[in-house]
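*Asks:* Under our numbering, the first residue of the sequence shown is numbered 10, with each subsequent residue one higher.
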Amino acid sequence: MEWDFAILDMLQEMHHPVLTKIMAFVTMLGEAGWFWILLGVILLCTKRFRKCGVAVLLALVLDFLLANVILKPLVARPRPCWINDTVELLVRVPKDYSFPSGHTMASFAAAGALLLTEKKLGICSLVLAFLMGISRLYFYVHFPTDVLAGMVLGLLCGFAGVFLMKKLMKKG
């Protein structure tokens, strides 16, 4: 945990009003996964991108079950802002556990599904997903290992969402 805090403390020294506004916007996109859900629904409503939308939404369902229903309560890792309450938070204090980062995991789940179904959208989504993870560190609400786990598990959910979409499309 020592290196986790060293990285977080280094990021605290990088705060700047403009960067804070950018990071606040990025982290807001990840609140409850609304951006990715909306994107999945929009894609689902278009004939050309329907399979992509199905894959994204399936990936997000898998992500929710794995992150919020299974891992967060099982691991029950406190957030860095709960342990070191001397850092002034610029976002509201989250009430759920830290591991894995839900913002990051949902972002990488959607980006992974997009990458395998619509490469250009996927690459743009991966950039946003990466920024999402950094924003969670910037705001001192996750450890770097929470974000790394969110990246890996999110991509696995994204790939699983595509796999399930292909299975469903063959049947239906």
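Yeah, the Cβ is synthetic: ideal placement off N, Cα and C, and Gly gets one too.
(1) Cα separation between M23 and F148?
(2) Do you know offhand how far M4's Cα is from R145's?
(3) Taking 7 Å as the cut-off, decide whether the C-beta atoms of A41 and A118 are in contact.
(4) May I ask you to report which of helix, strand or coil DSSP gives D94?
(5) Verify whether the separation of the beta carbon atoms of F108 and D155 is less than 7 Å.
(6) To the nearest angstrom, how far is it from the Cα of V27 to the Cα of K180?
(7) Which same chain residues end up closer than 8 Å to A120 when comparing Cβ atoms and leaving out the 5 residues on each side of it in sequence?
(8) Excluding the five sequence neighbours on either side, which residues of its own chain have a C-beta within less than 6 Å of the C-beta of H25, listed in chain order?
(9) Does DSSP classify M178 as helix, strand or coil?
(10) For L75, which residues from the same chain have a beta carbon less than 7 Å from its beta carbon, with the 5 sequence-adjacent residues on both sides left out?
(11) Between the C-alpha atoms of C90 and L177, what's the straight-line distance to the nearest angstrom?
(12) With distance defined between alpha-carbon atoms, name the residue in A64, M114, L20 and D18 nearest to A169.
*Replies:* Checking against the coordinates, here is how it stands:
(1) By one-based count along the sequence shown, residue 23 stands at place 14. By one-based count along the sequence shown, residue 148 stands at place 139. Computed Cα separation, rounded: 11 Å.
(2) Outside the shown range of the chain, which is 10 to 181, sits residue 4, and nothing can be said about it.
(3) As a working mapping, residue 41 is identified with position 32 in the sequence shown. As a working mapping, residue 118 is identified with position 109 in the sequence shown. Cβ atoms of A41 and A118: not closer than 7 Å.
(4) Within the sequence shown, numbered from 1, the residue matching residue 94 stands at position 85. The answer is coil: DSSP assigns D94 none of H, G, I, E or B.
(5) One-based indexing of the sequence shown puts residue 108 at position 99. One-based indexing of the sequence shown puts residue 155 at position 146. Yes, they are a contact pair.
(6) Start at 1 with the first residue of the sequence shown, and residue 27 comes out as number 18. Start at 1 with the first residue of the sequence shown, and residue 180 comes out as number 171. Cα to Cα, V27 sits roughly 50 Å from K180.
(7) Locating residue 120 in the sequence shown gives position 111, where the first residue counts as 1. Correct list, in chain order: G131, S134, L135, L137, A138, G163, L164 and G167.
(8) Within the sequence shown, the letter at position 16 stands for residue 25. Around H25: no qualifying Cβ.
(9) Residue 178 sits at position 169 when you count from the first residue of the sequence shown. Here DSSP, grouped into helix, strand and coil, assigns M178 to helix.
(10) The residue labelled residue 75 in the question sits at position 66 within the sequence shown. Cβ neighbours of L75 beyond the five flanking positions: L162 and C166.
(11) Position 81 of the sequence shown holds residue 90. Position 168 of the sequence shown holds residue 177. Their backbone Cα atoms lie some 42 Å apart in a straight line.
(12) Here residue 169 corresponds to residue number 160 of the sequence shown, with the count starting at 1. Nearest C-alpha to A169: A64.
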